[in-house]
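For reference, the structure is listed below as structure tokens.
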Amino acid sequence: MAFAAIHVANFMVQAVLRAAVELREKAVALLDGTAPQIHVVAANDAAWRAGIQLGMAETQAQLCGVEIRRRSRAQEKAAHAALLDLGWSMSPRVEDHAQDTILADLAGLNSLFGAEENIAREFARRAAELRLQAHVAVSANLEVAVHAARGFAGITVIPEGEEARYLSGLPVQTLAPSVEALETLERWGIRTCAALGALPVLELSERLGQEGVRLQELARGAHTRSLVLAEPAEILEEEMELDDAVEDLEPLSFVLGRLLDQLCARLAARALSAAAIRVRFDLGDAFEKEEEVLNEKFSAKRSSGKTEIRAAGVNAADGSGQSGTSAAKATTHKDSRVTTQAQDFCVSVNCKDAEKTYEKVLNLPMPMRDSKMLLKLLRLQLQADPPAGGIVKIRLGADPARPRSTQHGLFVPNSPDPEKLELTVARLAKLVGNANIGSPELTDTHRPGEFRMNKFFAQPNETRARGRAGKKSAAGSDGGAAAVRRPATGCRIFRPRLAARVELREGRPVKIFFRGLYGRVITASGPWKISGDWWREDAWQQEEWDLEIQFDGGDASGSASRSTSGSAGLHVNAQANVQAIASVPDAKVQMRAGLYCVYYDAACRSWFVRGMYD
Amino acid sequence: MAANFAALRSKVELALAGRVAAPFNYRDRQEVVTVSSGIPEIDLLTGGLPRGALTEIFGPSCSGRTSLLLSALSARTAQEEACALIDGGDAFDPHSAEAAGVELRKLLWVRCRNVEQTLRATDLLLQGGGFGLIAVDLSDIAPRLVRHVPLDSWFRFRRAVEDTPTVLVLLEQESNAKSCASLGLRLEAGAAGWSRMPVESAAGPGRAAGGAVNYSRLPWGWLLEGRSARGEVSRSRVQKGNAGYFRGGFAAAPGTASAGIFRTRMDWDFFSLPIAAKRK
């Protein structure tokens, strides 16, 4: 049995450099603390060479000409999570030993990666993919592996039985003794593990107690314990704190891109994909400014909001049909946003910090981990609904899911690539609005024109497709089933509904005027009385008519009448007045004669044109 | 001479790099694969709707364009193909589409507000690819506005759909795509079909003999049954003899008939069904 310890040296610096690749070749020093005691807490080798020392004040550090950055606990947390993901990418048994060190059980990995040295190299390679430079040590003893990883750079493989020899040259500090024990050992002149291991146990116990015995066991590589297993996190997260608040989408995209790269690398390390991406921004000062503006605007809008709702209500009642409903919804949404913003403000007075956030969830139709694709989708989402203020902290989370399998059956027809389709739909949604794109679904009501829009998924139903393909090959036809029946008459809906003036004779429409066009009713079928939802405020009651209308036009200077009859009994009866129709400025379509669905709305005692049969 | 020609050729290729792949390579006209429009009469007339090409269906309002489109969508979705409808005038009726047999869950409906949005949406969908049929409905947009669409838009659509399995259908009031369309189909409205309630059956059992009302003279004695429409091929680049590629079972090659007449039906029973029964 062997264990691998993966240690990230100079962890604080590496955590910062992980998200700032451009700083890798530069001298970087990290500051921490509160003013006026801000001091250097970590630095890379180039910074040490430039004269940086621990505890140096900020102004002193600046004189050394190095890049100064703030220590980021959020990035350290993310780097630690990435380190754990690295362990799980190779082994299911991983111990979270310290923030900069993990342990992995290598049992069973030889058959996959070969010798232990190869396994260690694979760990190092994968760590590099996660933008971490790791030292890896393999040993049969857990603690020996940890101390070797901390003490030796690169890859170290310690054969069983030679632990003491390998550790002999390491300083005692590697064993992480207490301050008191370290001072005592230094007074004794004990500086290496070999010297500590050579001390007699009894005397050491009398002077340093149990800690001394434990330190000596560690120094000899004789300390044994079991692996403490860590549980994988259900949500992968990456965080970044920004020095200055970012308000524009372009610079934000760079940061998001980096975080998504890291997130996708972690997902790939665990052979997972993201089913959803969760974005959370902490907003800075600009948010407060925005808040003040919002508050002013809200007090102004509060009075106008009622007017908007009333206007939308009239619009829907006027018979704008679906669009009317959408308009009402849109206005309500707008109003609810105003309300939400106002609520935000009210809450922010009590708990200001809690409200300075912006959250968004990007639900994906298929699990994916293409960081570029995710960035494009995220950008489109943020463009559609931008955060109200400068961003000072970004938190990206991914709901992990199993990657989708891409292989389909032979008989499954070609369908859009889900990832590409998601991007296309997002772009289309930006173009036409979210409410105007999707897959329609009829709702459980007889109210005319009711439907809802669902998200469009283009996953072919393999079973059905195979069944149909079987039938198809048996019948030897392509869509033959659809061709057997007579085609259904298509209907085109006017959105919003068109108000009409109808002249009745003996209860039957004989003349109709709408859209600036005047028509004679040739044939009328109706009234077909329909009603519903009487228990609701928006109850409906209509009398529907199917009308064949001949458009004449009021100022007809002359009309051409044509009647032909074909072999199939076709009658083209186009009594047209093209001049009259062309003179109508609002005539969207060139109308001669047609079949229309017209109804009388008993609720508002008016006539409307629902649509035409085309 | 040969060296000059080679130099000139490379110069042209360099200038067109990134826009036209292999401009000097001869591309043999590929035989067009067609699919059923869902209406046998139209299939007989045209040989079906060509894949990887632009089909233009035009005609005045109430001429059967929507019925033809719904039939085509029904046929494609029945084959589990994903379809898209870019609705320039937001006039699509999901109820009549479902009655026509369109599987709405396989249909991406993009509701546009103007020509610019419609064209942009078409570009995006064509670039995305993977759809069995993309329909661009400009029927409700004034012809003068559609006439102003630059010709290069239609060329772009033709190029984008080329070598793909997508059927691109354009619905308009008048023909605008001209030579960019591989198939042009002009539709004209025919007579509406009305069913008349018979006098004998209309007279209920409780009525006095000889006192039957002539329901045929009353409006509720009539029911719209459907209508007929006449289709005529205005342009076709679908090669004759492609009937073999089209697996619709039609014996005649396209172009043998000058016009086709089809009749549509009104499925009133469907509209009165509850939603669960409709979905079955």
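Those protein sequence lines, which keep their order, are chains D and C. For our numbering, count along the first sequence from 1 and bump the result up by 2. Just so we're aligned: 55 in our numbering is position 74 of the second sequence, and the numbers increase by one with no gaps anywhere. Note that the Cβ used here is the ideal one computed from N, Cα and C, for glycine as well.
Item to complete: Look at Leu49(C) and Gly19(C) and say whether their C-beta atoms are less than 9 angstroms apart.
Response: Within the second sequence, the letter at position 68 stands for residue 49(C). Within the second sequence, the letter at position 38 stands for residue 19(C). A contact, by the Cβ cut-off of 9 angstroms.
Worksheet item: In angstroms, rounded to a whole number, what distance separates the CA positions of Gln55(D) and Ala147(D)?
Response: As a working mapping, residue 55(D) is identified with position 53 in the first sequence. As a working mapping, residue 147(D) is identified with position 145 in the first sequence. In a straight line, the C-alpha of Gln55(D) is about 30 angstroms away from that of Ala147(D).
Fill in: Alpha-carbon spacing of Leu261(D) relative to Pro38(D), whole angstroms
Here the question's residue 261(D) lines up with position 259 in the first sequence. Here the question's residue 38(D) lines up with position 36 in the first sequence. Using only the alpha carbons, I get a separation of about 32 angstroms.
Worksheet item: When you compare only the Cα positions, how much space is there between Val159(D) and Glu219(D)?
Response: Taking the first residue of the first sequence as position 1, residue 159(D) is located at position 157. Taking the first residue of the first sequence as position 1, residue 219(D) is located at position 217. For the pair Val159(D) and Glu219(D), the Cα-to-Cα distance works out to about 20 angstroms.
Practice prompt. Assign Glu361(D) to one of two classes, buried (16 or more other C-beta atoms within 10 Å of its C-beta) or exposed (fewer than that).
Written response: Working through the first sequence from its first residue, we reach residue 361(D) at position 359. Exposed: under 16 other Cβ atoms inside 10 Å.
Practice prompt. Closer than 9 angstroms by beta-carbon distance: list the chain C residues that pair up with Arg488(D), in chain order.
Written response: Position 486 of the first sequence holds residue 488(D). Listed along chain C, the residues sitting closer than 9 angstroms to Arg488(D) by beta-carbon distance are Ile20, Gly207, Phe243, Arg244, Thr245 and Arg246.
Worksheet item: What number of angstroms, rounded off, separates the C-alpha of Asn223(C) from the C-alpha of Gly29(C)?
Response: As a position in the second sequence, residue 223(C) is number 242, starting the count at 1. As a position in the second sequence, residue 29(C) is number 48, starting the count at 1. Note that Asn223(C) scores a pLDDT of 45, beneath 50, so its modelled location is shaky; the value from the coordinates is reported in the next line. Between the C-alpha atoms of Asn223(C) and Gly29(C) there is a straight-line separation of about 9 angstroms.
Worksheet entry | Stretch pair the stretch 240 to 251 of chain D + the stretch 203 to 221 of chain D: three plus CB contacts closer than 8 angstroms | When Cβ pairs closer than 8 angstroms are counted between the two stretches, the stretch 240 to 251 of chain D is seen not to touch the stretch 203 to 221 of chain D, the count staying below three.
Fill in: Rounded C-alpha distance that separates Cys43(C) from Glu550(D)
Taking the second sequence and counting its residues from 1, the one referred to as residue 43(C) is at position 62. Taking the first sequence and counting its residues from 1, the one referred to as residue 550(D) is at position 548. Distance between the alpha carbons of Cys43(C) and Glu550(D) is about 10 angstroms.
Fill in: Pairwise C-alpha distance: Ala17(D) and Val138(D)
Within the first sequence, numbered from 1, the residue matching residue 138(D) stands at position 136. Within the first sequence, numbered from 1, the residue matching residue 17(D) stands at position 15. About 18 angstroms.
Fill in: Any chain D beta carbon closer than 9 angstroms to Arg46(C)
As a first step, residue 46(C) is located in the second sequence; it is residue number 65 there, counting from the start. Taking Cβ atoms only, chain D reaches closer than 9 angstroms to Arg46(C), which makes this a yes.
Discussion item. Between Asn120(D) and chain C, is the shortest Cβ-Cβ distance under 9 angstroms, so that the two count as touching?
Written reply: Residue numbering aside, residue 120(D) sits at position 118 when the first sequence is read from its first letter. Taking 9 angstroms as the CB threshold, Asn120(D) stays off the interface with chain C.
Worksheet item: At which residues does the beta strand (DSSP E) containing Ala502(D) begin and terminate?
Response: Here the question's residue 502(D) lines up with position 500 in the first sequence. From DSSP, the beta strand (DSSP E) with Ala502(D) extends over Cys493 to Arg507.
Worksheet entry | Arg51(D) vs Ala84(D) beta-carbon contact at 9 angstroms | The residue labelled residue 51(D) in the question sits at position 49 within the first sequence. The residue labelled residue 84(D) in the question sits at position 82 within the first sequence. Taking 9 angstroms as the cut-off, the beta carbon of Arg51(D) is found no closer than this to the beta carbon of Ala84(D).
Worksheet item: Which stretch, first to last residue, makes up the alpha helix (DSSP H) that contains Phe115(D)?
Response: As a first step, residue 115(D) is located in the first sequence; it is residue number 113 there, counting from the start. In the DSSP assignment, Phe115(D) falls within the unbroken alpha helix (DSSP H) covering Asn112 to Phe115.
Worksheet item: Is Leu506(D) buried or exposed, if buried means 16 or more other CB atoms sit within 10 Å of its CB?
Response: Within the first sequence, residue 506(D) is the residue found at index 504, counting from 1. The residue is exposed, with fewer than 16 neighbouring Cβ atoms inside 10 Å.
Worksheet item: What span of residues does the alpha helix (DSSP H) with Trp90(C) cover, start to end?
Response: Position 109 of the second sequence, counted from the start, is the residue given in the question as residue 90(C). Looking at the DSSP string, Trp90(C) is not in any alpha helix (DSSP H); the run it does join, the beta strand (DSSP E), is Leu88 to Arg92.
Practice prompt. Determine, using beta carbons only, whether Val(-7)(C) and Pro4(C) come nearer to each other than 9 angstroms.
Written response: If you number the second sequence from 1, residue -7(C) lands on position 12. If you number the second sequence from 1, residue 4(C) lands on position 23. Yes, the Cβ-Cβ distance between Val(-7)(C) and Pro4(C) is below 9 angstroms.
Discussion item. Going residue by residue through the stretch 75 to 103 of chain D, where are the continuous alpha helix (DSSP H) segments of at least 4 residues, counting only ones entirely within it?
Written reply: If you keep only unbroken alpha helix (DSSP H) runs of at least 4 residues inside the stretch 75 to 103 of chain D, you get 75 to 92.
Worksheet item: Count the other CB atoms within 10 Å of the CB of Arg209(D); is the residue buried (16 or more) or exposed (fewer)?
Response: For this step, residue 209(D) is matched to residue 207 along the first sequence. It counts as exposed.
Worksheet item: From this set, Thr525(D), Gln135(D), Arg497(D) and Glu546(D), which residue's C-alpha is nearest Phe553(D)'s C-alpha?
Response: Translated into positions along the first sequence, residue 553(D) becomes position 551. The shortest Cα separation from Phe553(D) among Thr525(D), Gln135(D), Arg497(D) and Glu546(D) belongs to Thr525(D).
Practice prompt. Using 10 angstroms around the beta-carbon of Lys531(D), count the other beta-carbons present and answer buried if the total reaches 16, otherwise exposed.
Written response: By one-based count along the first sequence, residue 531(D) stands at place 529. With fewer than 16 other Cβ atoms within 10 Å, it is exposed.
Practice prompt. Check the Cβ-Cβ distances between Lys106(C) and every residue of chain D, and say whether any is below 9 angstroms.
Written response: Residue numbering aside, residue 106(C) sits at position 125 when the second sequence is read from its first letter. A small correction: the amino acid at residue 106(C) is Leu; Lys does not occupy that position in the sequence shown. Under the Cβ criterion of 9 angstroms, Leu106(C) is counted among the residues facing chain D.
Worksheet item: At least one CB of chain C closer than 9 angstroms to the CB of Lys422(D): is that the case?
Response: Numbered from its first residue, the first sequence carries residue 422(D) at position 420. Yes, because at least one Cβ of chain C sits closer than 9 angstroms to the Cβ of Lys422(D).
Worksheet entry | Within chain C, the residues that Glu443(D) reaches when beta carbons sit closer than 7 angstroms | On the first sequence, position 441 is the one that residue 443(D) refers to. Against Glu443(D), the close residues of chain C are Leu85, in the order they occur along the chain (beta-carbon pairs closer than 7 angstroms).
Worksheet item: Where DSSP assigns a beta bridge to Gln544(D), which residues make up the other side?
Response: For the purposes of this step, residue 544(D) is taken as the residue at position 542 of the first sequence. Beta-bridge pairing links Gln544(D) to Ile532(D) and Asp603(D).
Worksheet item: Ala142(D) and Glu119(D): beta carbons closer than 9 angstroms?
Response: Here residue 142(D) is taken as the residue at index 140 of the first sequence, counted from 1. Here residue 119(D) is taken as the residue at index 117 of the first sequence, counted from 1. Result no, Cβ atoms of Ala142(D) and Glu119(D) do not sit closer than 9 angstroms.
Worksheet item: With contact counted as at least three CB pairs below 8 angstroms, one residue from each stretch, are the stretch 393 to 405 of chain D and the stretch 444 to 462 of chain D in contact?
Response: With the cut-off at 8 angstroms, the stretch 393 to 405 of chain D and the stretch 444 to 462 of chain D do not touch.
Discussion item. The beta strand (DSSP E) that contains Leu244(D), what's its start and end?
Written reply: Reading the first sequence from its first residue, position 242 is the one you call residue 244(D). Segment Leu238 to Val248, the beta strand (DSSP E) holding Leu244(D).
Item to complete: State the start and end residues of the unbroken alpha helix (DSSP H) segment that holds Ala45(D).
Response: Counting from one through the first sequence, the residue named residue 45(D) turns up at place 43. Note, Ala45(D): premise wrong, no alpha helix (DSSP H); beta strand (DSSP E) at His41 to Ala45.
Discussion item. Using 9 angstroms as the threshold, is the C-beta distance between Leu33(D) and Arg73(D) below it?
Written reply: In the first sequence, residue 33(D) corresponds to position 31, counting from 1. In the first sequence, residue 73(D) corresponds to position 71, counting from 1. In this structure, Arg73(D) lies closer than 9 angstroms to Leu33(D) by Cβ.
Worksheet entry | Beta carbon of Ser209(C) nearer than 9 angstroms to that of Phe251(C) | If you number the second sequence from 1, residue 209(C) lands on position 228. If you number the second sequence from 1, residue 251(C) lands on position 270. At a Cβ-Cβ threshold of 9 angstroms, Ser209(C) and Phe251(C) do not count as neighbours.
Item to complete: Per DSSP, which residues does Ser(-9)(C) bridge with? Please list them.
Response: As a first step, residue -9(C) must be located in the second sequence, where it is residue number 10. None, per the DSSP bridge assignment.
Worksheet item: Helix, strand or coil: how does DSSP classify Asp263(D) here?
Response: Here the question's residue 263(D) lines up with position 261 in the first sequence. The answer is helix: DSSP assigns Asp263(D) an H, G or I state.
Fill in: 9 angstroms Cβ cutoff, Ala460(D) in contact with chain C
Locating residue 460(D) in the first sequence gives position 458, where the first residue counts as 1. Yes, Ala460(D) lies at the interface with chain C (some Cβ there is under 9 angstroms from its Cβ).
Practice prompt. Would you tell me roughly how many angstroms separate the C-alpha atoms of Cys606(D) and Arg510(D), rounded to the nearest one?
Written response: On the first sequence, position 604 is the one that residue 606(D) refers to. On the first sequence, position 508 is the one that residue 510(D) refers to. Using only the alpha carbons, I get a separation of about 19 angstroms.
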